[in-house]
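Have a look at the structure below, then the notes.
Numbering (the working numbering), first residue to last: 48 to 138.
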């Protein structure tokens with residue numbers, strides 16, 4: 048699958064149109080479905096990096112799932128701690 052074909056496929060779903068056309072990183076082949084590949088797309092917004100998980104069936108040339116925003120566990124824990132501090136008035 049060529050890059051233009053991939054981005055056209057993503058645009059037809061309508062979900063990925065807002066993503067920058069970044070180079071896919073960390074490709075992983077599925078052990079269960081040999082024709083399926085997963086990878087990340089990285090996007091930088093306001094000095095923060097967002098990672099989108101994409102799963103693509105190369106045999107059928109379809110997206111297996113809608114792009115999903117990857118959130119690191121540490122980020123969630125930091126946000127919870129920060130909101131707890133604000134709630135208790137600790138600065």
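Built from N, CA and C at the ideal position, the CB exists for glycine as well.
Note that this is a predicted model, so its numbers are computed, not measured.
Review point. Leaving out five residues before and five after residue 89 in sequence, what residues of the same chain have Cβ atoms less than 7 Å from its Cβ?
Key: 69, 72, 96, 98
Check your understanding: Which whole-angstrom value is the C-beta distance of residue 56 and residue 110, which I expect to be below 8 Å?
Key -> 6 Å
Review point. In this structure, what does DSSP give as the bridge partners for residue 103?
Key: 84, 110
Review point. What residues in its chain sit with their C-beta under 6 Å from that of residue 104, if we drop five residues either side in the sequence?
Key: 82, 83, 111
Review point. To which residues of the same chain is residue 49 closer than 8 Å at the C-beta, ignoring the five residues directly before and after it?
Key: none
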